[in-house]
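Participant: Residue numbers (this note's numbering): 1 to 573. Here it is, the structure, as structure tokens.
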């Protein structure tokens, strides 16, 4: 009964702190992944999700997108349902973590699971619908851990051979599901060896053999993701993204320290952090990495005196962070080196160790120590929960999310650009311009800031500034259809119809369905037909009329244009 009550309390707490997120809208990539994802609408789209390597973001996470597909057929594009599923999955993760920790005989299992559930660094993974991949993959990873240690317990009675095989088969199934939800879960096999080594103090040949199939699955998934995302990064064409090995190593040390700080003291959490500037020629750039190495070396040296648990916690933290320490390229590095969502799994290491150590310390002080430990533990959980409740509210709208990031980190060009583009979309260009100018100043080689700044300038009447910014955006990235389409619209407003038509043609050549461009070009061509006809330039008028006829969808307009063409441009269309 006490176990059920503890489970109910853990689940309830995990859900209550995220209630503000239920009213949140789609933010950031949610529109691409869910709201405007055509694959979610048909059975054929579900098939494409599984057979095509590239998803909406150039990634292969078919199980995550299958969950979206199911939900789309249940509640369409209503964000509340997607938020609710994320929150429930997070609560299930807390419960499953508790079960795994109890099975491993780790003290303070309930407090560790509650701290994981209530820690504010998890908000980005839970309150952001796109991070379904995080909460879903973690559910399967924890299930795989549970099944593995049922097949090969580190202590206690060993199951029969048949039962062990069943549990191991379930391990493979759960791990495959985790990889199909998010590839970062490929850290499971080394994590298993880490836990076994921690509990037993040694690894055997059978231990290594048991994780070999898991390593094979993880390697295959890792290669697929690396190929997909590397192609995506190259396609963006940002030379400043790429760092040499020295920069990457120095950055890795800095990121480990950054993330450890956010777990220990979760202040100034933000959706987008500034991108780190690393100078490997300065000795100070290497201090964080040296500190990481020194801490690990000290824990190895002291493992017999203080136990293996601190080393295991540190290695778990480092190991699960390894894929996102910037040692290899992935798409998000374009915007920032760090993100709270990358801590969803790594945070388990320090959280579990602190909970276990605090529980052991309290127990060693007798009944009074246990009571004091309980009070302090509950107070700590309450503080974490209050912070999470407040942080969840930041995800209410895209504007509130990026405004929060800009307020905390004005040096984040990505946050400034995102907030500025949102304000432009709302017609609040005067408010947007300072943010877009800041973004462009911080990172002048990113075309997005120039494109949105051009639109903002045009909307407030700074036409020459707008044209200069459009030129800059297209110089940086000639394939920017947003910039080229809006350049066309600006030229239309200026009455420069031939230049506008040239810009709009290039947009349609690249994407015949680009929003509104077909109709805008048709309108411009009809104006050119009328202008050339009035000026007696029949040949040019007929040429524009032929182009307009190919775009026209109205049968009546096509008939009139055909008549105009047959009469050599002498009859008004």
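Ideal Cβ positions, reconstructed from N, Cα and C, are used throughout, including at glycine.
Please name the residue in 471, 540, 476 whose C-alpha comes closest to that of residue 498.
Facilitator: By 1-based counting over the chain shown, the position of residue 498 is 498. Minimum Cα distance to residue 498 is reached at 540.
Participant: Do three or more CB pairs link the stretch 136-148 to the stretch 408-427 at distances below 8 Å?
Facilitator: no
Participant: Thinking residue 431 and residue 442 are a contact (beta carbons under 8 Å), I'd like their distance in whole angstroms, please.
Facilitator: Taking the first residue of the chain shown as position 1, residue 431 is located at position 431. Taking the first residue of the chain shown as position 1, residue 442 is located at position 442. Contact doesn't hold; Cβ gap of about 18 Å is too wide.
Participant: Compare the beta carbon distance of residue 130 and residue 33 with 8 Å and say whether it is the shorter of the two.
Facilitator: Numbered from its first residue, the chain shown carries residue 130 at position 130. Numbered from its first residue, the chain shown carries residue 33 at position 33. Cβ distance < 8 Å, so residue 130 and residue 33 count as in contact.
Participant: Residues in its own chain within less than 6 Å of residue 256 by CB, not counting five upstream and five downstream?
Facilitator: Along the chain shown, read from residue 1 onward, the residue named residue 256 stands at position 256. Excluding residues within five positions, the ones whose Cβ falls inside 6 Å are 292.
Participant: Please name the residue in 371, 93, 38 whose C-alpha comes closest to that of residue 10.
Facilitator: Indexing the chain shown from 1 puts residue 10 at position 10. Closest option to residue 10, Cα to Cα, is 93.
Participant: Report the three-state DSSP secondary structure of residue 494 (helix, strand or coil).
Facilitator: On the chain shown, position 494 is the one that residue 494 refers to. Coil, per DSSP.
Participant: Looking at the secondary structure, which residues open and close the alpha helix (DSSP H) in which residue 402 lies?
Facilitator: For the purposes of this step, residue 402 is taken as residue 402 along the chain shown, with counting starting at 1. Counting along the chain, the alpha helix (DSSP H) containing residue 402 begins and ends at 398-408.
Participant: Thinking residue 594 and residue 504 are a contact (beta carbons under 8 Å), I'd like their distance in whole angstroms, please.
Facilitator: Outside the shown range of the chain (1 to 573) lies residue 594, about which nothing can therefore be said.
Participant: How big is the Cα-Cα spacing for residue 364 and residue 355?
Facilitator: In the chain shown, residue 364 corresponds to position 364, counting from 1. In the chain shown, residue 355 corresponds to position 355, counting from 1. Approximately 14 Å between the Cα atoms of the pair.
Participant: How many Å lie between residue 419 and residue 530 at the Cα?
Facilitator: Reading the chain shown from its first residue, position 419 is the one you call residue 419. Reading the chain shown from its first residue, position 530 is the one you call residue 530. Between residue 419 and residue 530, the C-alpha separation is close to 42 Å.
Participant: In chain order, which alpha helix (DSSP H) runs of at least 4 residues are fully inside the stretch 295-367?
Facilitator: 303-306, 309-321, 348-364
Participant: How about the stretch 12-29 and the stretch 77-89: do they share at least three Cβ pairs that are nearer than 8 Å?
Facilitator: yes
Participant: Measuring CB to CB, does residue 280 end up less than 8 Å from residue 250?
Facilitator: Your numbering for residue 280 matches position 280 in the chain shown. Your numbering for residue 250 matches position 250 in the chain shown. Yes; because the gap between Cβ atoms is below 8 Å, this pair is in contact.
Participant: List the whole-angstrom C-beta distance separating residue 111 from residue 359, where the pair is believed to meet the contact cut-off of C-beta under 8 Å.
Facilitator: Counted from its first residue, the chain shown places residue 111 at position 111. Counted from its first residue, the chain shown places residue 359 at position 359. Indeed they touch by this definition, with Cβ atoms about 7 Å apart.
Participant: Using CA coordinates, which residue listed in 59, 64, 142 is at the minimum distance from residue 346?
Facilitator: Taking the first residue of the chain shown as position 1, residue 346 is located at position 346. The option with the nearest alpha carbon to residue 346 is 142.
Participant: Give the DSSP-derived three-state secondary structure of residue 2 in the structure shown.
Facilitator: One-based indexing of the chain shown puts residue 2 at position 2. In this structure, residue 2 counts as helix in the three-state DSSP scheme.
Participant: Rank 53, 59, 552, 65 by C-alpha distance to the C-alpha of residue 42 and give the top, closest one.
Facilitator: Locating residue 42 in the chain shown gives position 42, where the first residue counts as 1. Closest option to residue 42, judged by alpha-carbon separation, among 53, 59, 552, 65: 65.
Participant: In angstroms with no decimal places, state the Cα-to-Cα distance between residue 269 and residue 98.
Facilitator: Within the chain shown, residue 269 is the residue found at index 269, counting from 1. Within the chain shown, residue 98 is the residue found at index 98, counting from 1. C-alpha separation (whole angstroms): 26 Å.
Participant: Out of curiosity, what's the CA-to-CA distance linking residue 398 and residue 31?
Facilitator: Here residue 398 is taken as the residue at index 398 of the chain shown, counted from 1. Here residue 31 is taken as the residue at index 31 of the chain shown, counted from 1. So the alpha carbons of these two residues sit roughly 11 Å apart.
Participant: Scan the stretch 544-573 and note each continuous alpha helix (DSSP H) run of 4 residues or more that stays entirely inside, going in chain order.
Facilitator: 555-566
Participant: Mapping DSSP to helix, strand and coil, what is residue 157?
Facilitator: Against the chain shown, residue 157 aligns to sequence position 157. It is coil, neither helix nor strand.
Participant: Over what stretch of residues does the alpha helix (DSSP H) that includes residue 581 continue unbroken?
Facilitator: Coverage of the chain is limited to positions 1 through 573, which leaves residue 581 absent and any answer about it impossible.
Participant: CB-CB under 6 Å to residue 29, same chain, minus the five flanking residues each way: which ones, in chain order?
Facilitator: Numbered from its first residue, the chain shown carries residue 29 at position 29. So the list reads 130, once near-sequence residues are dropped.
Participant: Run the CB neighbour count on residue 391, radius 10 Å, all protein chains shown included, and call it buried at 16 or more, exposed below.
Facilitator: Looking up residue 391 in the chain shown gives position 391. Per the 10 Å Cβ criterion, buried.
Participant: With the cut-off set at 8 Å, would you say residue 134 and residue 341 are in Cβ contact?
Facilitator: Reading the chain shown from its first residue, position 134 is the one you call residue 134. Reading the chain shown from its first residue, position 341 is the one you call residue 341. For residue 134 and residue 341, yes; Cβs fall inside 8 Å.
Participant: For the alpha helix (DSSP H) containing residue 183, name the first residue and the last one.
Facilitator: As a first step, residue 183 is located in the chain shown; it is residue number 183 there, counting from the start. Premise fails: residue 183 is in no alpha helix (DSSP H) and is neither H nor E.
Participant: Who are the near neighbours of residue 183 in its chain, counting only those whose CB is closer than 7 Å to its CB and skipping five residues on each side?
Facilitator: On the chain shown, position 183 is the one that residue 183 refers to. These residues qualify, in order along the chain: 221, 222, 225.
Participant: Count the other CB atoms, across all protein chains shown, that sit within 10 Å of the CB of residue 426; report buried if there are 16 or more and exposed otherwise.
Facilitator: In the chain shown, counting from the first residue as 1, residue 426 sits at position 426. So residue 426 ends up on the exposed side.
Participant: Taking only runs that begin and end inside the stretch 476-545, name each unbroken alpha helix (DSSP H) of 4 or more residues, in chain order.
Facilitator: Secondary structure remark: continuous alpha helix (DSSP H) runs of at least 4 residues inside the stretch 476-545, in chain order: 481-493, 497-510, 517-534.
Participant: Helix, strand or coil, according to DSSP, for residue 425 in the structure here?
Facilitator: In the chain shown, the residue the question calls residue 425 occupies position 425. Here residue 425 carries a helix assignment [DSSP, helix/strand/coil].
Participant: Put residue 61 into one of helix, strand or coil per three-state DSSP.
Facilitator: Along the chain shown, read from residue 1 onward, the residue named residue 61 stands at position 61. Three-state DSSP puts residue 61 in coil, outside helix and strand.
Participant: Mind checking which residues open and close the alpha helix (DSSP H) that includes residue 140?
Facilitator: Reading the chain shown from its first residue, position 140 is the one you call residue 140. Start and end: 132-151.
Participant: Using the three-state DSSP reduction, which class does residue 71 fall into: helix, strand or coil?
Facilitator: Counting from 1 along the chain shown, the entry for residue 71 is found at position 71. Note: residue 71 maps to helix in three-state DSSP.
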